[in-house]
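In this text, residue positions in the sequence shown follow this note's numbering: the first is 164, and each later residue adds one. Backbone N, C-alpha and C fix where the C-beta goes; we use that ideal spot for every residue, glycine too.
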Amino acid sequence: MKKRPPKKQKIPLLKNPKFFTTLIGTFIVLIMVGSALNMWKGKENVYEIKNLKFYKTDQGYTARIGNSFITILNDPKGLENITIQETGINKLNSLNKIYFSIDPTIPGIKEAVYEFRRNIPLRPIVVEACNVDIKICSELPLKDCKDATDTIGIIVFKKSNESKVIFENNCLKIEGKKELTKLVDKIIIDYYLK
164 MKKRPPKKQK
174 IPLLKNPKFF
184 TTLIGTFIVL
194 IMVGSALNMW
204 KGKENVYEIK
214 NLKFYKTDQG
224 YTARIGNSFI
234 TILNDPKGLE
244 NITIQETGIN
254 KLNSLNKIYF
264 SIDPTIPGIK
274 EAVYEFRRNI
284 PLRPIVVEAC
294 NVDIKICSEL
304 PLKDCKDATD
314 TIGIIVFKKS
324 NESKVIFENN
334 CLKIEGKKEL
344 TKLVDKIIID
354 YYLK
């Protein structure tokens, strides 16, 4: 008589390591898929300006432009009442060099410059500069609108009591108190709507 092989003992489901590995993996995948779907769900998180649909995300407000995305910090609804003149971005892109001239003491200046640089493609060589003669700027060139030429553009960020954006003679002036990122976000939206 042949002996039967011993029966394999069934491991209880809760003590099975494969069960927990599968459960944890499934849980992580569901969280990732749920997060991705949450970014695009609901009309309460969508704001449309002409052909740009902005979705509220953790990073700000994101819109798809062709195969890429732009992200602005401020709510697009709050930017509708801001009016700016022609920014000359296309003209600046035809030049050889652009100076980003800032006053580093302005609150929020780094965010405004970063916002501009990450959302608006600039083809020329971009050089950092200052528009105030202070110690922190000792290693940077001093540039203002008077330094703009036929081949060199200047983008000036300045503190001012009045918020305004002016482009003339290859110089784009962005001036304001605390709302420089709002002005930059408006420039970004207008740039992509043209």
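Suppose you measure from the CA of residue i to the CA of residue j; what does that come to, to the nearest Å?
{"i": "Met195", "j": "Leu356", "result": "33 Å"}
{"i": "Lys336", "j": "Asn208", "result": "32 Å"}
{"i": "Tyr262", "j": "Lys340", "result": "21 Å"}
{"i": "Ile352", "j": "Phe330", "result": "17 Å"}
{"i": "Glu342", "j": "Arg281", "result": "18 Å"}
{"i": "Thr220", "j": "Gly188", "result": "26 Å"}
{"i": "Lys254", "j": "Asn333", "result": "7 Å"}
{"i": "Glu211", "j": "Phe217", "result": "6 Å"}
{"i": "Ile283", "j": "Val192", "result": "34 Å"}
{"i": "Lys181", "j": "Phe190", "result": "14 Å"}
{"i": "Lys213", "j": "Glu302", "result": "44 Å"}
Return yes when at least one heavy atom of the ligand MG lies under 7 Å from the C-beta of residue i, else no.
{"i": "Asn324", "result": "Absence of the ligand MG is noted for the structure shown, with no ligands found whatsoever."}
Grab me the residues of residue i's own chain with a C-beta within less than 6 Å of its C-beta, minus the 5 sequence neighbours each way, in chain order.
{"i": "Ile269", "result": "Lys322"}
{"i": "Cys300", "result": "Cys293"}
{"i": "Ile304", "result": "A small fix is needed here, since residue 304 is Pro in this sequence, not Ile. Excluding positions up to five away in sequence, the list reads Ala292."}
Secondary structure at residue i, three-state DSSP: helix, strand or coil?
{"i": "Thr184", "result": "helix"}
{"i": "Thr225", "result": "strand"}
{"i": "Cys216", "result": "The question names Cys, but residue 216 is Lys in the sequence shown. Of the three classes helix, strand and coil, the one that applies to Lys216 here is strand, per DSSP."}
Whose C-beta lies closer than 7 Å to the C-beta of residue i among residues of the same chain, with five residues either side of it excluded?
{"i": "Val276", "result": "Phe263, Ile265 and Phe320"}
{"i": "Asp238", "result": "Tyr224"}
{"i": "Gly271", "result": "Lys341, Leu343 and Thr344"}
With a threshold of 8 Å on Cβ separation, who are the neighbours of residue i within its own chain once the five nearest residues in sequence on each side are excluded?
{"i": "Glu278", "result": "Ile235, Leu236, Thr344, Val347, Asp348 and Ile351"}
{"i": "Thr250", "result": "Val328, Phe330, Leu335, Ile350, Asp353 and Tyr354"}
Compute the distance between the beta-carbons of residue i and residue j, then report whether it is under 8 Å.
{"i": "Asp307", "j": "Ile317", "result": "yes"}
{"i": "Asn259", "j": "Ile315", "result": "yes"}
{"i": "Leu242", "j": "Ala226", "result": "no"}
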